[in-house]
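Visitor: Sequential numbering from 86 applies to the sequence shown in our numbering. From the three backbone atoms N, C-alpha and C, an ideal C-beta is built for every residue, glycine too. Below: one structure in structure tokens.
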Amino acid sequence: MTTEVVSACIRDIQKHRFQDGSGTQTVVHLKGCPMYCTWCPNPELRNPGVRLVWDPVRARHFEDGRIYSVQEVLELCLGNPDSSEKIAKGVMLTGGEAMMQHSFVYELLSRLKERGMHTAVETTGYVIESQFTKLLPLIDHLIFYVKHYERETHRKITGVYNDLIIENLRNALSSPSEVEVRLTLIPGLNDRPEDVEGFSSLFQHIGVKQAQLPPFITQAAPSGRHNAPDNASPLSEVELTAYQDAFQSHHLDCS
Ligand code: SF4
């Protein structure tokens, strides 16, 4: 296959400047997600194809997603060398679950690495093990979102068991990729004191020494649907510090 024929459905492609002014990072938002999180702020993203979606704010339908070839995305990521645009240095693939469109991701990451680009991927970890293992060597920075430590609860709140996720995280941690574990604390779903112990125990077991606690995003999807727990709101700074301290007491470095 060539970069012309391998394609994927993408929601959006954005450019960000690195804070040190050294260049730009292209963020590619791929469609498709195999999970069914009860709080999902973007349920439209789950479908890996182009879909017509109703936007209640603008009172009209819009096409969610567009098919791109690897070559098209590659050119967007590399930028125009003759332009005054800062040098393209990196690419971040995110979703949904970016690795769901794994053939495209493999081709794109391979071409980017050939050109010396820095590659980052955000993942839920719910990816067929052989596909995950094949992509890992092409990823410099892997951002791995963990949702729950207990398998039955994981299935209840995301629709899938966490065995595959834990196995993929374990493999990632023993790979040369830089792995950043992120744990979003969702009020009422995984933020009880005993959850701190549960996560800490899982992390110790598989060798995670550091985790980020990103804020819980509560914005509604364009469809207006939103299934977050009742009264869910982002943690205050005081609450976040308390969680960080609790994790620290279990020897997990958190920020
Ligand atoms: S992993 Fe993300 S995109 Fe997928 S269902 Fe969960 S919240 Fe939604």
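List the endpoints of the continuous alpha helix (DSSP H) containing Leu115.
Guide: As a first step, residue 115 must be located in the sequence shown, where it is residue number 30. Here Leu115 belongs to no alpha helix (DSSP H); instead the beta strand (DSSP E) covers 109 to 115.
Visitor: Measuring only the C-alpha atoms, how far is Thr123 from Leu130?
Guide: Along the sequence shown, one-based indexing puts residue 123 at 38. Along the sequence shown, one-based indexing puts residue 130 at 45. If I take the Cα positions, the gap works out to 14 Å.
Visitor: Taking 7 Å as the cut-off, is the beta-carbon of Cys94 closer than that to any non-hydrogen atom of ligand 1?
Guide: Looking up residue 94 in the sequence shown gives position 9. No, the beta carbon of Cys94 sits no closer than 7 Å to any heavy atom of ligand 1.
Visitor: Apply the 10 Å Cβ neighbour rule to Pro278 and answer buried if 16 or more other Cβ atoms are within range, or exposed otherwise.
Guide: The count along the sequence shown starts at 1 and reaches residue 278 at position 193. With fewer than 16 other Cβ atoms within 10 Å, it is exposed.
Visitor: Measuring CA to CA, which of Arg151, Val266, Ser286, His290 is closest to Ser92?
Guide: For the purposes of this step, residue 92 is taken as the residue at position 7 of the sequence shown. Cα-wise, what sits closest to Ser92 is Arg151.
Visitor: Ends of the beta strand (DSSP E) at Phe284?
Guide: Here the question's residue 284 lines up with position 199 in the sequence shown. Here Phe284 belongs to no beta strand (DSSP E); instead the alpha helix (DSSP H) covers 278 to 291.
Visitor: Report the option in Leu254, Lys219, Tyr211, Leu325 whose CA atom is closest to the CA atom of Tyr246.
Guide: Within the sequence shown, the letter at position 161 stands for residue 246. When each option's Cα is compared against that of Tyr246, the closest is Tyr211.
Visitor: So Asp140 and His114 are in contact, right, with Cβ under 8 Å, and what is the actual spacing, rounded?
Guide: One-based indexing of the sequence shown puts residue 140 at position 55. One-based indexing of the sequence shown puts residue 114 at position 29. Going by Cβ atoms, the distance from Asp140 to His114 rounds to 17 Å, so no, they are not a contact pair.
Visitor: I need the straight-line Cα distance from Val158 to Leu193, nearest angstrom please.
Guide: For the purposes of this step, residue 158 is taken as residue 73 along the sequence shown, with counting starting at 1. For the purposes of this step, residue 193 is taken as residue 108 along the sequence shown, with counting starting at 1. Cα to Cα, the separation comes out at about 8 Å.
Visitor: What residues match up with Leu178 in a beta bridge as DSSP calls it?
Guide: Here residue 178 refers to the residue found at position 93 when the sequence shown is read from its first residue. According to DSSP, which records beta bridges pairwise, Leu178 is partnered with Val113, Val206.
Visitor: Output the distance between the C-alpha atoms of Ile250 and Lys232, rounded to the nearest integer angstrom.
Guide: Here residue 250 refers to the residue found at position 165 when the sequence shown is read from its first residue. Here residue 232 refers to the residue found at position 147 when the sequence shown is read from its first residue. Those two C-alpha atoms are separated by around 10 Å.
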